[in-house]
Each structure stands twice: as structure tokens, then as C-alpha cells.
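Residue numbers (the UniProt record's numbering): 1 to 959.
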Amino acid sequence: MRRWGIRKKVLMLALVPTTVITLGIGFFFTYSWLGNISQLLENRGQSLSRQLAAAAEYGLLTSNVDLLFELASSLREEQDVRSVSVYDANGTELIHAGPRRSLSLPDAFPFDHLPLQARDAQVSVFAAAIERSGYAGDEPGAWPQPDQAAPMGWAVVELAHTGMFAERYRALLISLLLIFGGILVNTLIALRLSQVVTEPIYRLKRAAARFKEGKLDGRVNLDSGPELVELESGLNEMAAALSKAQAEMQQNVDQATEDLRETLETIEIQNIELDLARKEALEASRIKSEFLANMSHEIRTPLNGIIGFTDILLKGATNQQQHEHLTTIRKSSEILLTIINDILDFSKIEAGKLILDRIPFRLREIVEEVMVMLAPAAHAKDLDLVPLIYTDVPDNLVGDPLRIKQIISNLINNAIKFTPAGEVVLRAMLDEGTGQTLRLRLSVSDTGVGLSRAQQKSLFHAFSQADASTARQYGGTGLGLVISRRLAEEMGGEIGLESELGKGSTFWFTLATEMAVNAEPSPPQDGLRGERVLYLEQQPTTGLAAEHLLRDWGMICDRVGTPKEVAERIAAAQDKGQGYSVAILGLHRHLLNSMQYRDLIRQLEEERDCRVLLMTPTLDENETAFAARASSHIVKPLCRNKFYGILYQLIHGNAAGSDKDKAVEPPGLAPQIESSTRLPRILAVDDNEANLKLILALLNGLGLPGVGASSGFEALGLVREQPFDLILMDVQMPGMDGIETTGRTRASETDGRHIPIIAITAHALSEERSRLLRSGFDAYLTKPIDAQQLTECICRHTGCATPPAPEIKLSTVEPSPSFRPSRRGEQDGPVDIEAGIELAAGKPDLAEELFSMLLEHLAQDEADIRQDWQAGKRVALLERVHKLHGATRYCGVPELRHCAQSLETALKTEESRIDDAVARFLVAIERVQAWCDANDWQALFRQRSDAAGRRLQPQLNDR
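Structure, rendered in C-alpha cells:
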């Protein structure tokens, strides 16, 4: 009630007590009235039964039935009398007037002298005893004295309740009318009183509300009691005081407003200028995004044709000069594509749309991949490129390997460009680490031109280089370091440099990462423990890295400084019966034609029968003859697994993984699904004549029928005229673009047939893919188009495998090098590099990519296959084995392919000895993985690519 208003409280105080009293009194009197009605009926029934008993005495004595019946009939004339009966002393009915009773008397009747009574909901029965009456004495004619213990008979009267019910209803109606009438009158009086009491208070409340709103001109005028009059006077005086204070305050406000008006006008002008600047900035950002998208399209579109047709020409039979020219064209195109990618990466970082992956990776593999990729550029300048990874740095980490590789590539590429002579060294060390959380520090040191303090301040700014001349002397966009800094910050680290002009530079960055959980450990490399090697190296840093690796493997490494010392130490050791297992010779490029070293290699190999491992920079084709004089040859910088594998093969006679003399599948792509009997018809739509011709050439090279259209209108006409199984649709076209053409094509698909439409565009922005997929496209390909990517897309969306590609003839193919084992017999391995290249139509780059795709999922496939086999899921096991079997058809893994085929056949035919097939299959997988861990297979593929003259010089981001 505390939250109720005063009017509600007054009404409650006025209504509740009177209403409760009225209801109580009404209910009491109504109840009494109804009880009196019932009592009156009972009294009347008893009275009538007694009167009938007294009147029937004479008739019963005289046995005058007519008299009794007359009495009964006259009594039935009374109101509510339903029937009348007279019984004798034995209970025999003498007379009965009226309807028969439905209610029986008590069992004591007629032997009880007391008055009897019975009732139900409709009637009540009353019985009275007929007793004798008369005169006492012996006078003649006197009645005998009555016998009180034996009545003469019984008089029974039955009364109906109809009248009683009507009387009750009338009483209830009158009571209810009186009660509700009293309540209504009370309510009206209470309402009137509440209005009289609360109206002045509400008027005061409204006046206070007006004063609160600032309306101080009005006054309160009440005609009420003295208490409210005093309150009225107080409110009026308060309003007058507030009005006076408001007037004074208004004067002060006007004065302050006048003073601030000029300031506000100035601020408003500044806000307008800021808003205009903001709109201009947003418009500039939008224009920049559109410019990047259009630039990507306009540059990638001709690059698509250049790179595509160059690849087609490289696959054909060309002479050496033509092959070099085509390779130069492709390198130049890829340099331009790298610049575009740098600008687009910078745009993504500025827009905050760069998303980093968190996947397991091996740090040493990333470092070695970058080193191998950039080694030719460093060796072309006679630079020593060396990776130094400290032993306390864990190998299995979690992060974004692609972006880490991008930072390392930018820093090393800059060091190579700005270092005319000397060395470039990458060092990876553990900065700090607690449990699974680590902080790594990677630094790239060079002996280049160095940087002044002024140059260092502006180095990490976009499109900025050390000075204006560097853009002309060294090239580049000036985005490499900016992108590297933002990537390092996104990964929870930082980047910096230490440099002195003329004394080189050291760029470093830190990386916050974690150790990979449940990562497969690297295979143990303890097969060389205790072996003795002799090492000659003219580059100290490379020698330090190589010696560090050798001692990690438990080998005994003796360093020498001259070729003469090598020959003397070998001779002395063999004379004592403790000859060296391998002699390692690290040479500069200018020593490759030295007669002294030729004689040394001949002496060691032929006269002393000591295996020689030659370590050189990247060799040209005319320099490979010198390297062939040694038992084996490795290109600097050293890759851990490859170096170990070569040493193991030289010492033990077999390497972890060389699988030779095995059956090889013919070149071409094996279908992943059952091939259709009809080749798919493909429609290519592109407004650029060169790109359209390239796509049709790629389709013809795959043996697929292709139809070209140069506009959206032409494409719609062809779709209406003939059916197509796949449409390759360019997005940006004049007139009707690819999105509108796709929408109209989808609208025309009324027969339920869905034509796969693949978007082909040069846009590389992150939101482009989702927008195209929402517009009705089934997939998305980015220019420049890769033949393998196009082939996979066709297979995936048409359900038909492409026929084998035409045989590709290369100008030169180098046979795989043969190693002379030092001690043990040769043992075949599970991987055949040459067979993989043949399966890839003679393209080492494609073979490396297919083999990498197989290895990427091989560990997970092995775990899934073990789990499915242990759980008894044969259907799931068959699907996984079938999928992996299809993947092995692309790669040179004959043992794994044979085991997969055998296991798949066993599962389909439900042979009993499936356990053995599964075991052999898992062992084959482990052998492939062990081979890959023990060998630098990427370098092996790239050696074949170098021999074919198609190795690309990577040009990455510039300073």
C-alpha cells in the first residue's frame, strides 16, 4: 500500500470497512431467515399431524372410514400438503388421500409412541399417534380410560417443499438486493468523499510539476482547509523566489552564450572541415580498394595469358636458347606477380582483414625451404648463405608457417640484395620459454652496405627505402619490411634492426608461439654415430654449421685447411687401418675448375677408394661435370635431412628411400572417380582474347571439347542452343558481366538441371570469394590459371576424369645421380623421384607439388586408417584407402601404391587375410615418411628441375 496514491488509499479506507460490515450483516440475516423458513415448515407439519390425530380419534373408535377419509380430504386442501394417511394400531393403512409416498417412515413405526418425522430433498413426512381420550369412572356411557402405552393408531401427513423453496429464493433475492444496494451507495459516497479530499492535493501536485518545468508565472488558488491553505501559500512564495532567481540566471546565461557563440561557430567550422576530411578519407579508402581490385584484375589478366602460354611453350620441344628466353619471360612475369601480391598483402593488413593460421609446423623445414629457394640468388653474387638453428630451439611448433616463411624470405632477400660480398646468416634461438609457451628470436645478419641512423628511422614506412637511389639500383616496392613488421606484430612479436653504415646490418624479429601437442617426433638420426669424416671448408660460417650438424649426429669430424692436408690425413689414416668414411670438400665457385681439386678428387676416389662429398654453391649446367667426379654432391646451404641422407648412403650404401627399378605408371592424371563414357562439354567465357585462347588451349591440351564466348550475351545464346557440363565464367566483362550472366543462366534452369559455373577473375581481395559464391557461382579460380588447378576443378565438378595429357618432350633431362656405397649393399627405398616426374608428365615442379600434397595428409590418413581398422569400420576404411590409392597414382611411390591397391582389392573382395594387407600398407606409409624425413626431397625434385632448365629465380619482397 506504500506505493498507492492518496486517492486509492482514501477509497480503500472508505469502502473496505463498510463493505465488510454490510456483507457480514447481510449473510447473517439471510442465514437466519432461511433457517426460520425450514423451522416453520417443520412446526406446521407437526401441528397438522397432531390435529389430524385428534380429529381421527372418533372415526377410528367407531371404525367410520368415510369420516376419516373426509378428514383427510379436507386436510389436503392445506398449502403444501401432498398426502394424508391413517393407520390402525397394527400399522394397517385405513385410508390414504393423495399420491403415494416415495419416502418410507422409520423402521420403529408403528410401535413407537413418540411423534415420527422423515424428510428428503423434495418432501417431509410427519406422523402423530392417535391416542384414546374419554371419561373416568363408572357412569353409564362414559369412555374408558385411555391406555397410554398402546395408541389407537397413527396419523401421517406428507408436506411438499415447493413452497419452502420459493420462500427461500425470495429471501435470498431480497437479501442480495439489500447487500448490493448498500455497497453501491457506500461506493458512491466514498468516491465523492475521495474527490473532495484528493482534488486539492492533486492541484498542488500539478502546480509543483509546472514549477518544476519552469512555468513560474502561475499561482495556486485552493478553497480548502487551513492545512492546505498554508501549503498553498508556501508554494506560491517558492514560485516567486524561483522566478526571480531564474530571471537573474537567464541574464547570466545570455551573457555567457554571447561569449561562447563565436567559439561555437569556430568549432562548428572545424567540425565541418573534419567531417569533410573524414568523408574524403573514406572515399579515398574506397577508391583505393577499388583501385587495388581493378589493378589486380587488369594486371593479372594479361599475366594469365603470358604465364599460361609460356608454360605451354615450355612443355613443347624447344632448343636451349628458346628455352632460356621462355624461362626469362616466366621469371619476369612472376616478379611482377610478386609485386602485386605485396601490394595486396599490404592492403589486407591495413584493412584489418589478415587472418593468421594456427597449425603445427616444423621450424627447421621452413628455414631450409627459404634457404633453398633463395640460395641461387645468393650464390650468383658469391655470398655464403648459412642457417644456424640452436639446439635448444624446438622443431614442432604451432603458428602460421606461410607468414613466418614470408618474414624470413623478406629479410633474407633484402640482405642478399644489399650485400655485394661476404655472407648472409640466419640465426634462430630461444629467447624465453615457460612450459608450452615459447618466444623465439630469429635474426638475419649480412656484411652489406649498412644503414645510417636517418635511414633506419624511415625504413619501416610503406613505399620507403634507404634512399632514392635504391629503387633504381635494387628495385622493389618498399613494402617488404612494412609487411614483415605488421606480420610480426600480429603474431605477438616485434621486429627491429641493428646496423652501422658500411659494416652490414642485422634484422631480427621475435615470434610468440607454442609447442605442438601430440606432434610426431622426427625420426632418430643416429645411424652415423661413431663414423669419422674429414672436412675441408673455405667458408667459416658454413663450416661451423656443417660441423655442428655432424657432431649432433655423433660423428667424429676432423677439420683441415688445405687440399694437401686432406690427402696427407687420408693417407695416414688408411695406413693405420683407421680410414675416414667420407671426405667432405666445401668449395667456392671459382675453385670448380681448379686442377688441384680435380686431382684431389681423383686421388681420393680412385686411388684411396675414399668417398667424396662435394659441397658447392648452385651450379650452372656447364659446372655439373666437375661435381660428377665426386661420389656425391650437395648444394649449399645444407639441409639437415638431405645432408644426413647423403652421408648415410655414402657410408652404408643405402639411403632412406630410393625406390628404383619399380614399375611406373604412364604419365597422366588417374581419375579420382569413375570416368564417364562421354567427355564433358565446357564453355569458356572471357572478353580478353588472349585469356580465352589460353583456356581453350589448356582444354585442348587435356583432350576436352571446349567452346569459347567473348561476352555474356554470346554465352547465354550458346547455353540456350546446346547443353554444357561446365562453364568457366570471367567476372568482369563489358556490357553484361559474369555475375549478371550467371544469374540469367540460373533463371533459365527450369528443368532441374544445374550447370556448374566457375568464376575466373583476377581479383584477390578476401571478400571477393564469398560475394561470388552468393551470386550463384559454384567455385572460384584466380588468375593466372594453373593447368593442374583447372584439371582438378574439371574433375571435381563434372564427375569425369580427364584423359592423359599429351606426352611432353623436354630439351634436356638429367638422369638421377648414382651413389657409390662405402660399405654395405644397396637397399631399395619407397620413393622414386624419376617415376614421380614421369607421372607428372615430365614436369618436376608439378611432381614436387603432387608429392607435397600426398605428404601433407599422409600422417593424418595413417592415424585415421589405424583407427578405422581397430574400430572395425570397413566401409570407412575402404573409402580412405581408395582415396589414398588415387593420390598415390600421381606420385612416385610404387611400394605404397602397390600396397594400397592390394588392400583395396582385399577390402572389396572381403578376403580373410586383410590384417596382413593393412599391416603392409601401414609399413609402406611409415617408410615413405621415414624417407622424407631422412632426405631433402624438395631439393631432389628441384635438382631435376635445374637439369631441365626450368628452375625459377625467386624474387621476393624488397626493403
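Even glycine gets a Cβ: it sits at the ideal position worked out from N, Cα and C.
Proximity below 8 Å, CB of residue i to CB of residue j
| i | j | result |
| --- | --- | --- |
| N410 | S484 | yes |
| V881 | P830 | no |
| residue 961 | G712 | The chain is shown from 1 up to 959; residue 961 falls before or after that span and cannot be answered. |
| I646 | L613 | yes |
| I833 | R942 | no |
| I785 | I760 | yes |
| S332 | L303 | no |
| V123 | L48 | no |
| L728 | A697 | no |
| I355 | F509 | no |
| F361 | S443 | no |
| N641 | A519 | no |
| V393 | L363 | yes |
| R920 | C899 | yes |
| G493 | A516 | no |
| L481 | A545 | no |
| A779 | H754 | no |
| R589 | P617 | yes |
| L178 | G26 | yes |
| G98 | V84 | yes |
Same chain, Cβ closer than 7 Å to residue i, neighbours up to 5 away in sequence not counted
| i | result |
| --- | --- |
| R874 | L907 |
| A53 | A128, A129, I130, A155 |
| G137 | Below a pLDDT of 50, predicted positions are generally treated as unreliable, and G137, at 42, falls in that range; the measurement from the model is reported next regardless. Correct list: empty, nothing qualifies. |
| A378 | L385, I416, V424 |
| K450 | Note that residue 450 corresponds to Gly in the displayed sequence, not to Lys. Contacts found: S499, E500, L501, G502, K503, G504, S505. |
| E862 | L922, I925 |
| L337 | L303 |
| S816 | Caution applies to S816, whose pLDDT of 38 falls short of 50 and renders its modelled position unreliable; the value that the coordinates give is listed next. Within the same chain, S816 has close Cβ partners I833, E834. |
Paired residues, beta bridge with residue i - DSSP
| i | result |
| --- | --- |
| W154 | Y87, A129 |
| R532 | I556 |
| M615 | G586, I634 |
| S445 | V425, T506 |
| F361 | L397 |
| A160 | V123 |
| L737 | With the sequence shown as reference, residue 737 is identified as Asp, and Leu is not the correct amino acid for it. Bridge partners of D737: none, in fact. |
| H379 | Answer by DSSP bridge pairing: none, since H379 is not bridged. |
| residue 960 | Outside the displayed span of the chain (1 to 959) sits residue 960, for which this structure offers no information. |
| S499 | S505 |
| V439 | For the record, residue 439 in the displayed sequence is Arg; it is not Val. DSSP output for R439 lists E432, A512 as bridge partner(s). |
| L726 | I682 |
| E93 | Y87 |
| D384 | E423 |
| I758 | L728, A779 |
Close beta carbons around residue i, own chain, < 8 Å, minus the five adjacent residues each side
| i | result |
| --- | --- |
| Q789 | L781 |
| A571 | R608 |
| A121 | H161 |
| E904 | L878, V881, H882, H885 |
Neighbourhood of residue i by C-beta, 6 Å cutoff - its chain only, sequence neighbours within 5 removed
| i | result |
| --- | --- |
| L13 | none |
| L11 | A190, S194 |
| residue 1027 | No answer is possible for residue 1027: it lies beyond the span of the chain, which begins at 1 and ends at 959. |
| R611 | V582, S631, L650, S822 |
| L430 | D392, V393 |
Integer Cβ distance of residue i from residue j, believed to fall under 8 Å
| i | j | result |
| --- | --- | --- |
| G305 | L694 | 5 Å |
| S902 | A887 | Not a contact, Cβ separation roughly 16 Å. |
| Q574 | R608 | 6 Å |
| T541 | G504 | At roughly 13 Å, the Cβ-Cβ gap does not stay under 8 Å, so T541 and G504 are not in contact. |
| D864 | P523 | Between P523 and D864 the Cβ distance is about 21 Å, and since that is not below 8 Å, they are no contact. |
| D558 | Y535 | 7 Å |
| R569 | V560 | 6 Å |
Check: residue i C-beta below 7 Å from any heavy atom of the ligand MG
| i | result |
| --- | --- |
| L604 | Summarising the ligand content, the structure contains no ligands, and the ligand MG is consequently not present. |
Short CB-CB distance (under 8 Å) between residue i and chain B
| i | result |
| --- | --- |
| I95 | Among the chains in the structure shown there is no chain B, since it carries only a single protein chain. |
Ordered list of beta strand (DSSP E) runs contained in the region 387-422, each at least 3 residues: 396-399
Alpha helix (DSSP H) segments (min. 4 residues) lying fully within the UniProt domain "HPt" (843-935): 844-871, 874-888, 894-909, 914-934
Segments assigned alpha helix (DSSP H), at least 4 residues, entirely inside the region 699-723: 712-721
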